[in-house]
Amino acid sequence: MSDQSLLKPSELPNGNAHPVSQPRKGIRLNRVLGRIVPIILLIYIAYTYDLVVIRYAFRDLHGEQERTLTAILWLLPTHSLFLWSLRAYLRVFFAHDRLPASGATNYSGVISWLRARLGATFSDSDRAQHEDEQHIAQSVLTLLKASSCSDVRVKLCQPDGQPLRCWRDSCNGNLKAFRTRHCGDCGVCRVGFDHHCAWFDNDVTAAATLRPFIGFLISIPPLYLLGLGPLFPTAWRMLRRIQSFTSNDPGIRAAWWSKWYSWIGGPAFRWMVGFALGTSRWSNSTPGRMPHESPRAPVLVAVGAVFVFVATALATSSLTHLRYGKLTVDVERSKAFRKLQRQLEKVDNSQTRVDAIRLKMDSLAPGQHFKVSWTDRVSTQRQERVVSLSVYEGLLSHGSPWANLRRLLSNSTDTTPACSLSDTALRKVLEKASLLIPAP
Numbered sequence: 001m002s003d004q005s006l007l008k009p010s011e012l013p014n015g016n017a018h019p020v021s022q023p024r025k026g027i028r029l030n031r032v033l034g035r036i037v038p039i040i041l042l043i044y045i046a047y048t049y050d051l052v053v054i055r056y057a058f059r060d061l062h063g064e065q066e067r068t069l070t071a072i073l074w075l076l077p078t079h080s081l082f083l084w085s086l087r088a089y090l091r092v093f094f095a096h097d098r099l100p101a102s103g104a105t106n107y108s109g110v111i112s113w114l115r116a117r118l119g120a121t122f123s124d125s126d127r128a129q130h131e132d133e134q135h136i137a138q139s140v141l142t143l144l145k146a147s148s149c150s151d152v153r154v155k156l157c158q159p160d161g162q163p164l165r166c167w168r169d170s171c172n173g174n175l176k177a178f179r180t181r182h183c184g185d186c187g188v189c190r191v192g193f194d195h196h197c198a199w200f201d202n203d204v205t206a207a208a209t210l211r212p213f214i215g216f217l218i219s220i221p222p223l224y225l226l227g228l229g230p231l232f233p234t235a236w237r238m239l240r241r242i243q244s245f246t247s248n249d250p251g252i253r254a255a256w257w258s259k260w261y262s263w264i265g266g267p268a269f270r271w272m273v274g275f276a277l278g279t280s281r282w283s284n285s286t287p288g289r290m291p292h293e294s295p296r297a298p299v300l301v302a303v304g305a306v307f308v309f310v311a312t313a314l315a316t317s318s319l320t321h322l323r324y325g326k327l328t329v330d331v332e333r334s335k336a337f338r339k340l341q342r343q344l345e346k347v348d349n350s351q352t353r354v355d356a357i358r359l360k361m362d363s364l365a366p367g368q369h370f371k372v373s374w375t376d377r378v379s380t381q382r383q384e385r386v387v388s389l390s391v392y393e394g395l396l397s398h399g400s401p402w403a404n405l406r407r408l409l410s411n412s413t414d415t416t417p418a419c420s421l422s423d424t425a426l427r428k429v430l431e432k433a434s435l436l437i438p439a440p
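Using UniProt numbering, the letters of the sequence shown map in sequence onto residues 1 to 440.
Here is the structure:
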């Protein structure tokens, strides 16, 4: 699938000219969220650890109830799963292209040290292209053993046969390997790009960080149940007590419940503000509580449930798409393409508008062009042909759902590149170039 920039007609290359990359304007929401969400996660982990480990396990189970063995048997698997989940998170969060240059400041040196030891390494685009070409060359030799053609080469290209390049941001016309996409948030091309995730403020790619990303998402539900499960009764009890106190307290009733402006944000906002006003008063008026009987308990359980829901939805969606060999960017581009198709059907007789929509549709079309060149053994002449292969013809699939999952979740160190063209898709490309007889 081509990933050309959605350029305005005035920005299209003319002749040998290249499109000029315009600087990005405005604030990208994903980048802003990428700065905020990890901090929210860190704060949540700190408060939850204090409630679960310090207040409940140490001060209550060990100190008050003297059930030390119970606390140990519970905390050992909980910490094991937590550390495994943290390792997966940091592998994505600290993922990097290459080690930062030496001689940096102390702060940069610490970040460089963390990236080098905890983060994954993104695949180099040039190396990925070289590995993909080697893989295709070996597969071609296998498929065309008895062919009358020699020196067969298959390369990505544009519809006119020119090499596929990226002109966005600082890429400056770099050649693009198969399944390489440009991340608008990072300003670089990534091999096997899936999406830029605000949870990690980094890119998720099939070759480097997709597996720890999926692993982190899958670990959240059991970690939530294992860590906060024993505190569910406490959280429910605290919620009922605080709600009862908040509803009957004269001061809160006069300051909030009886005021007309308490309804401005709707019933949910009214209840949340009232609950927040009641937590501090309830804490001060209820001495002698157990260490873990904190107003934070219901809040942490509720926020954790939201994290579990989001993580489960993301993991389910990602694994469903991966079964068909599709990454998130492929799905989103397909949605955008269908949306443009619907817009095109509604456009009146405005040729300018039609041309603009068709230009965008061409850049999002669910297909990829390949230039197949070979030398005829009889005439010894060099020939070439440009063919296209669509997603619906198996461009992205490696066969069975299990094969797709295994390939896209594999390590980048495997012999076969994770994002290479499958042998089935390569066969169809050679068939379209009339170098292979179509299978019956």
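C-beta atoms are modelled at their ideal positions from N, C-alpha and C, and glycine is treated no differently.
Asked: Residue span of the alpha helix (DSSP H) that contains residue 301, given as start and end; Found: 296-323
Asked: C-alpha gap between residue 44 and residue 401, whole angstroms; Found: 36 Å
Asked: Among 236, 131, 396, 143, nearest to residue 437 - alpha-carbon criterion; Found: 143
Asked: Residue range of the unbroken beta strand (DSSP E) whose run includes residue 126; Found: Where residue 126 is concerned, there is no enclosing beta strand (DSSP E), although the alpha helix (DSSP H) it sits in stretches over 125-143.
Asked: Sheet register partners of residue 195 (DSSP bridge); Found: 204
Asked: Neighbourhood of residue 378 by C-beta, 8 Å cutoff - its chain only, sequence neighbours within 5 removed; Found: 148
Asked: Helix, strand or coil at residue 422 [DSSP, three-state]; Found: coil
Asked: Sequence-distant residues of the same chain with beta carbon closer than 6 Å to residue 118, five excluded per side; Found: 90, 94
Asked: Alpha-carbon to alpha-carbon, residue 384 and residue 424; Found: 21 Å
Asked: Residue environment, residue 306, which counts as buried when at least 16 other CB atoms sit within 10 Å; Found: exposed
Asked: Simplified DSSP state of residue 360, which is helix, strand or coil; Found: helix
Asked: Same chain, Cβ closer than 7 Å to residue 157, neighbours up to 5 away in sequence not counted; Found: 163, 164, 369, 370, 371, 386
Asked: Classification of residue 176 by the beta-carbon crowding that lies within 10 angstroms, buried from 16 upward; Found: buried
Asked: Close beta carbons around residue 174, own chain, < 6 Å, minus the five adjacent residues each side; Found: 166
Asked: Coarse secondary structure for residue 176, derived from DSSP in three states; Found: coil
Asked: Cβ contact (3+ pairs, closer than 8 Å) linking the segment 218-237 and the segment 199-209; Found: no
Asked: Beta-carbon spacing of residue 197, residue 204 below 7 Å; Found: yes
Asked: DSSP three-state assignment for residue 155, whether helix, strand or coil; Found: strand
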